[in-house]
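Taking it in order: structure first as structure tokens, then the write-up.
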Ligand code: 1GP
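In my numbering, the protein residues as written are 15 to 262.
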């Protein structure tokens, strides 16, 4: 079964799925092994691996190490085409549909496509919508795109619908890593009302309570990076909150 089918099965059976973001940059070198170890044992459904910027040339070796130690699927969450490698079980094949920067709408994807084919990685077509999380985030700067203000619900809905009609398999509501506030419940509720594909939510999620509210509002996949990087013991509590449908 494909990685995405497996995630969809988890969403169906357990209410929603939980993904931990691992940034293979050198700043995280010391905590990588520990975070993988805890993730393996905490009911995390997959790791997203990626980041906006790598500050040395060793990230690919660190990804190889993550692959060796991980007992759950590794999904590339690409900051750019340079992060492609054979170590991934799948990748988000993303387009920054909230932006008007053609390079991140289709340019990177065209450069990546032949390499993806050669590597044979499973692709998950994802419409990436950057939302205002209260701070200028790295992704805003690096993608050269403006986030959509969270009170512009109609604009957000229209982007999510456009993504679905374009054939995207999932919509990513992103507030940016380290966002002051995560996507609002109003936004998730409104998007859930109009689309029927999975909604991935990331950026600024700091507690099991927030994760729980977001999945109750219609989120399908919850992603945490910063908070679980700092305190990996939170992974199992967040996994518990996200897997709200308990088997009888
Ligand atoms: C993944 O960017 C997020 O979508 C991760 O955000 O680091 O704030 O958890 P945090």
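Glycine included, each C-beta is placed from N, C-alpha and C at the ideal position.
Distance cut-off 7 Å: residue i Cβ against heavy atoms of ligand 1
i, result
"residue 144", "no"
"residue 159", "no"
"residue 90", "no"
"residue 204", "no"
"residue 162", "no"
"residue 237", "yes"
"residue 136", "no"
"residue 193", "yes"
"residue 240", "yes"
"residue 190", "yes"
"residue 218", "yes"
"residue 21", "no"
Between the CA atoms of residue j and residue i - distance to the nearest angstrom
i, j, result
"residue 151", "residue 159", "11 Å"
"residue 32", "residue 86", "12 Å"
"residue 79", "residue 166", "42 Å"
"residue 101", "residue 77", "7 Å"
"residue 233", "residue 157", "24 Å"
"residue 218", "residue 62", "16 Å"
"residue 116", "residue 196", "26 Å"
"residue 248", "residue 241", "8 Å"
"residue 193", "residue 88", "24 Å"
"residue 224", "residue 258", "13 Å"
"residue 97", "residue 106", "12 Å"
"residue 44", "residue 220", "22 Å"
"residue 180", "residue 186", "14 Å"
"residue 123", "residue 261", "40 Å"
"residue 24", "residue 135", "21 Å"
"residue 42", "residue 28", "31 Å"
Rounded distance between the beta-carbons of residue j and residue i, thought under 8 Å
i, j, result
"residue 229", "residue 256", "6 Å"
"residue 189", "residue 239", "The pair is not a contact, with the Cβ atoms about 11 Å apart (cut-off 8 Å)."
"residue 92", "residue 108", "7 Å"
"residue 64", "residue 90", "6 Å"
"residue 252", "residue 222", "5 Å"
Own chain, CB closer than 7 Å to residue i, minus 5 neighbours either side, in chain order
i, result
"residue 182", "139, 140, 141, 211"
"residue 21", "31, 59, 60, 235"
"residue 175", "208, 209"
Contacting residues, own chain, Cβ-Cβ under 8 Å from residue i (five flanking each side not counted)
i, result
"residue 162", "112, 143, 144, 145, 146, 169, 170, 173"
"residue 48", "246"
"residue 50", "36, 61, 80, 83, 84"
Cut-off 6 Å between Cβ atoms - residues of its own chain near residue i, not counting five sequence neighbours on either side
i, result
"residue 103", "17, 87, 88"
"residue 26", "none"
"residue 66", "93, 152, 153, 156"
Heavy atom of ligand 2 within 7 Å of residue i beta-carbon
i, result
"residue 35", "No copy of ligand 2 appears in this structure; the ligands present are ligand 1."
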